[in-house]
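As you go down the protein sequences, you meet chains A and B in turn. The letter at position 433 of the first sequence is residue 414 when you use the working numbering, and the numbering goes up by one with no holes. The letter at position 48 of the second sequence is residue 79 when you use the working numbering, and the numbering goes up by one with no holes. Even glycine gets a Cβ: it sits at the ideal position worked out from N, Cα and C. These numbers come from a predicted model, not from an experiment.
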Amino acid sequence: MEGSVLVIGGGIAGIQCSLDLTELGYKVYLVERTPSIGGRMAQLDKTFPTNDCSLCILAPKMVEVFRNPNIELLTYHEVKEITGALGDFTATILKKPRYIDETKCKGCGDCATKCPKIEVPNLFDMNLGKRKSIYIPFPQAVPPVYLIDPKLCLKLTKGVCGVCEKVCEAEAIDYEQKPQDIQLKIGAIVVATGFEMPAEKLSLRWGYQYENVVSALEYERILCASGPFGGHVLRPSDHEEPEKIAFIQCAGSRDLHEGVPYCSSVCCTYTAKEAIITKEHSEKSECYVFRHDIRAYGKNFYEFTQRAQQEYGVKYYQTKISQIREDPETNDLLIHYEDLKTGEFKDFKANLVVLASPLVPSRGANELAEILGIELDHYNFFKERSYFNKLQSSKDGIFLCGFCQGPMDIPETVSDASGVASQVATLLNSVKFTQIKEKEFEEPEKEVKPSEEPRIGVLICHCGINIGKYVDVPDVVEEIKKLPNVVHCEANLYSCSSDSQERIKEVIKENDLNRFIVASCTPRTHETLFQVTCQEAGLNKYLFEMVNIRDQCSWVHMTEKEAATEKSIDLVKMAVAKARLLKPQKEETLNIIPSALVIGGGVAGMSAALNIADQGFETYLVEKDNKLGGILNYLNILSPIQEKGSIFLNEIIDKVKKNKNIKIFLESKLENVKGYIGNYDIAVCDKEKVINDFKVGTIIVATGGKELKPNGLFQYNDKNQNVITQLELEQKLKDQNGAWLKNINRITTILCANSRQEEGITYCSNICCATAIKNINILKEIKPELEITVLYRDLQMAKKEFEDYYRQRRKDAIFLRYDLTNIPEITKKKGVKENYEIKVFDTNLQEEIEFQTDLIILSTPMIPADNLEELAKMLKVPIDKNGFFLEAHVKLRPLDFATDGIFLCGCAQWPKNIQDSISQANGAAGRASRFLSAKQIKTSGLISEVNPDKCIGCGKCVETCPYNAIELLDIKMEFEDLDLNIKQSYINSALCKGCGTCAATCPVGAISVKHYDFDQIGVMIDSYLLEKTKLLEEL
Amino acid sequence: MTKAVSKVEKEDFEPYILVFCCNWCSYAGADLAGVSRFQYPPNVRIIRVMCSGRVDPAFVLKALKNRADGVLISGCHIGDCHYISGNEYTRDRFERLYNIIIKQLGVNEKRVKLEWVSASEGKRFAEVITEFTNEIKELGPLRK
């Protein structure tokens, strides 16, 4: 069995999976067929719903992959052949010729500057930008190595030119390179090949053939500051700023006749994002969204689409598009559409049209499926093993993650990537850490004594033109060079590139530096990168300081170059002042107790517990109910597989009960949690009211959700048998035969009952529509003569299966559309039978409809489980405004809490279906078991410390500490011949998070916050103000 | 000094303003303002601290002593603190600081401000800075 894994595809799925795999103890070969990792996420401008800059949050991960000693990065490689089976696969990988020796190329770009060949469209910029025949796909590419396009290069096609070879000082050009096969032995394979957006395949009615009709992915490049138009929203035809921009939803998706039958699932939300960013770029631009249903599938996504309308004034029209034509004079577009709110056909003139065209599996998926011997589904996505295990392919040892399995957003992709990593870990458990190299810094850490004169090095980043265009970088360099203790200062193009890391190390060594400063972008994304570089050069990472002149100078003072430059100089000077006082800090090593606590015994909790237990770690599963299974206990048939929920439930409960590593506590409650990552003391009160104490290293929160009972709404109360919720219907269908339907002839299902409101519950629960559609069909099967009406606002049928699922069932009911301004009215009819009259304004027909019904089924939102505040306090983790737990980062850390060592999954995070709960649970288990596998971790050096000589034992700090990290100890002190009993504060370094609140509270200044201590901040204030006031006085 | 002259002086006046931002919300908000290219006056210099709770009143007093024309402290909204409750101490401490500023130093209370800005409020960050800078410009330089 091999302790290594082949990951195919270097997008965010492959990147996250590779990083997690190495932490779990496996060597990774990451194969990417394009010249750089990063995938689609690297092409995006921002990411919803936080509008974080996409590459800003991705680039640190790309660099992490690049510098990880346990990841062998094989870009511009392709998988040719796979033989063998789980545990012992052999892969043949084709190494395509770059015509450049990647070990020699420094990525300087001199070759491309001199390359004479006329420019051709750049694929990374969706062919909107240009590149030479020797090129790098984008400036932050990883690896930062150029390549030659053999079809264009004059030397390779005609044997003339050869300029690049002459100008390359690194002598990296090699025209003789040939394709090469390499063989790898691996234990498992992960497929993460992603998607593409082939808008050119759309039929002509969508107008993609016109210059000013672009695909949404092309529009991302247009929006992007580093894109082909430098972040100015311009039309491709004339490079004029468009005033009216139309975003067309479902352009080819959900379409049986052309495009794809499924819903691409992410378009509604990214369109809202693109429209918001457009408005932010230019307030006078007008954004119009031609929508069908709103399917913002994911946490807080629906609210995001509402914000686009309410805060940014993006106009949404509910339409069907019939044709888009061009006005040949102006190159404007005429959109001919049906207004679904009025039934009228109208024309709309736009200056630019953005198509949300279908997202399909990347080209070559069919060939890859053949090479791997795995199945595809009928949409050409890779087929998952079963509904309950979407991470596994049809073949043992081959896993799937990300969009290649089906439409999904980035957080789900990241969760799945972690889930795949943990599934690999359960399979290859016996060969963990057999092929792994420890990350060791070759350079021993240099001792820096407080008495030593500071020798500071400063790097000022141009960030391409991002800083360089708006800040006079050479001027900054000159000013900083003048400062005392600054031994070296230079500028560079991209300080985050990997050749810059080499340069930093070189500079530190050559100048014997003992402090280092980078002035570039935000430390929130890039500090770690530079800290590691410093460590590689033998410098303690706390001797590094970062200045953010991009987000705080160049980007926010774009028209004031002089002021932005002056501000940059000041900020760097302040950092230099602080740097002089920086001290090396130690990080402590903590041992991890190799066991886990899982809170919640529903599907998510059980799946997480099983995964961790299967990796050989002891797991405690605590459930408040008297049985395992959570909501699944009440479900009848599961959509879209149409299988009884109890079959899967019984199987998984059986597995959990039989697993010798899992200890189950039923009817039990978490009483107390004390401690910190790796070392938690847990107290659980069991059903005998006995307190069980045990220790765990990590905690997973899987407390699930519950259905809202809408008392008082739509005549609902807990006694009324004729107005019930969807979950109550499930129970009836599950537990009773059809006899209860005997007197019922007309049923009305109301969707969005109390969800997607303007106040109160504003979110979409994502799963209710599919459940309702499932149940109308089941009811019809029991009693075919039933008349069913569905009152809906939008139908949430995201993900690959559900559009077809709905299509097959829509004949079972009459669908009437209502909106928030006209909530259906229900009145109870007096009579023998329970009978209700419903009045609803159907927006499709623009008519008020009245009808009678015998049974009303309400699809109400899923809400968080009860008493989460108490648990949140105990674990010290946050809850969001809707009451669900709040993850560390909604995009790239969806399963982590900000507090190390605690993770979340399932409906505790957000409403989701069984499939997503299971794969998220696997992901959380993977994240948690990284620590358990590693056996120890390092704590941060950014913590507070008490100076015992100054402490007066007042205890104010103890009260303020939010983490209970401070204790007041009784200390005996000898004073002359007296023994004095005094009190003194003590800070537990493992619990301290370094917020520094205690330091600001201490009345005698006895507490210092490492790296942010009083003097360090003090000199920053002085540095800026004293110099200025001196200037003033001179005037 | 005539009114007209004093007005001209105010318009020319470029104040020195220090801003303390917590790492998790306000600094991220400033980043978002950057990424979104929201423009604001270049008079501020940001000092990053992990939590607004770290901002020792002594820092503010030191800045005023060094003739900062304005000091802004910014942290997560109450309830959103990355360190659970650090910003609540900032708020309480700030009230006490106010008394010192007004009663003992005689500094106009408008020169020191506390504002909550979240990581998603790039636009708000730019607005807060613009507004504060304009207020300080209106007040004129801090004279001793």
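On the three-state DSSP scale, how would you describe residue i?
i                : result
T164 of chain B  : helix
D313 of chain A  : coil
G438 of chain A  : strand
V771 of chain A  : strand
Q291 of chain A  : helix
A93 of chain A   : helix
E1014 of chain A : helix
T600 of chain A  : strand
W721 of chain A  : helix
D662 of chain A  : strand
A577 of chain A  : strand
P217 of chain A  : coil
L109 of chain A  : coil
A981 of chain A  : helix
H870 of chain A  : strand
Select from the options the residue whose C-alpha is nearest the C-alpha of residue i.
i                : options                           : result
K676 of chain A  : A:N572, A:T56 and A:E393          : A:N572
L760 of chain A  : A:L464, A:I725, A:V270 and A:A779 : A:I725
L1018 of chain A : A:F822, A:Q596, A:F105 and A:Q696 : Past the edges of chain A, shown from -18 to 1016, lies residue 1018 of chain A, and the structure says nothing about it.
A915 of chain A  : A:N848, A:Q291 and A:K418         : A:K418
K96 of chain B   : B:R142, B:E146, B:R122 and B:G65  : B:R142
N653 of chain A  : A:D662, A:I645 and A:N703         : A:D662
Y475 of chain A  : A:A500, A:V468 and A:L494         : A:A500
L92 of chain B   : B:D123, B:E119, B:C112 and B:L128 : B:L128
Q181 of chain A  : A:A905, A:I226, A:G212 and A:G240 : The sequence as given places Glu at residue 181 of chain A; Gln does not occur at that position. Cα-wise, what sits closest to E181 of chain A is A:G240.
G188 of chain A  : A:R272, A:P131 and A:V334         : A:V334
S576 of chain A  : A:K559, A:G678, A:V603 and A:F912 : A:G678
A99 of chain B   : B:S149, B:L63, B:I77 and B:G110   : B:I77
V637 of chain A  : A:S627, A:E568, A:A589 and A:H992 : A:A589
A232 of chain A  : A:S184, A:G212, A:Y251 and A:R216 : A:S184
K931 of chain A  : A:R911, A:Y944, A:A980 and A:W891 : A:A980
N701 of chain A  : A:E599, A:Y817, A:L732 and A:N756 : A:Y817
G(-8) of chain A : A:L11, A:D1, A:K713 and A:E(-17)  : A:L11
Using a C-beta to C-beta distance shorter than 7 Å, which residues of chain E count as neighbours of residue i?
i               : result
S116 of chain B : Protein chains in the displayed structure are A and B, and chain E is not among them.
When the cut-off is 8 Å and only beta carbons count, does residue i lie next to chain A?
i               : result
F90 of chain B  : yes
I109 of chain B : no
N130 of chain B : no
V159 of chain B : no
V39 of chain B  : Unreliable placement is indicated for V39 of chain B, whose pLDDT of 43 sits below 50; the coordinate value is still reported in the next sentence. So no, V39 of chain B is outside the interface.
I167 of chain B : no
K93 of chain B  : yes
G137 of chain B : no
G171 of chain B : no
Between residue i and chain B, is the shortest Cβ-Cβ distance under 8 Å, so that the two count as touching?
i               : result
L552 of chain A : yes
T982 of chain A : yes
N969 of chain A : no
V821 of chain A : no
A879 of chain A : yes
K548 of chain A : yes
R531 of chain A : yes
R288 of chain A : no
V985 of chain A : no
Worksheet item: Taking a cut of 9 Å between CB atoms, which residues from the segment 44 to 70 of chain B lie near chain A?
Response: Taking 9 Å as the Cβ-Cβ cut-off against chain A, the residues of the segment 44 to 70 of chain B that qualify are E45, Y47, L49, F51, C53, N54, W55, Y58, A59, A61, D62, L63, A64, G65, V66, S67, R68, F69 and Q70.
Worksheet item: Which ranges does the beta strand (DSSP E) cover as unbroken runs of at least 3 residues, wholly within the segment 777 to 846 of chain A, from first to last along the chain?
Response: For the segment 777 to 846 of chain A, the continuous beta strand (DSSP E) assignments of 3+ residues that do not extend past its boundaries occur at 795 to 798, 806 to 810, 816 to 823, 828 to 834, 836 to 839 and 843 to 845, in sequence order.
Fill in: Start-end ranges of the alpha helix (DSSP H) lying completely within the segment 26 to 77 of chain A, minimum 4 residues
Runs of the alpha helix (DSSP H) lying entirely within the segment 26 to 77 of chain A and spanning at least 4 residues, in chain order: 35 to 48.
Item to complete: Starting from the N-terminal side, write out each stretch of the alpha helix (DSSP H) that is 4 residues or longer and does not extend beyond the segment 468 to 544 of chain A.
Response: As far as the segment 468 to 544 of chain A is concerned, its whole alpha helix (DSSP H) runs of at least 4 residues are 479 to 491 and 504 to 517.
Fill in: Interface residues of the segment 846 to 875 of chain A facing chain B [CB-CB below 8 Å]
Cβ contacts with chain B come from K857 and P859.
Discussion item. Tell me which residues of the segment 570 to 600 of chain A have at least one Cβ-Cβ distance to chain B shorter than 9 Å, keeping chain order.
Written reply: Under the 9 Å Cβ criterion, the segment 570 to 600 of chain A contributes no residue.
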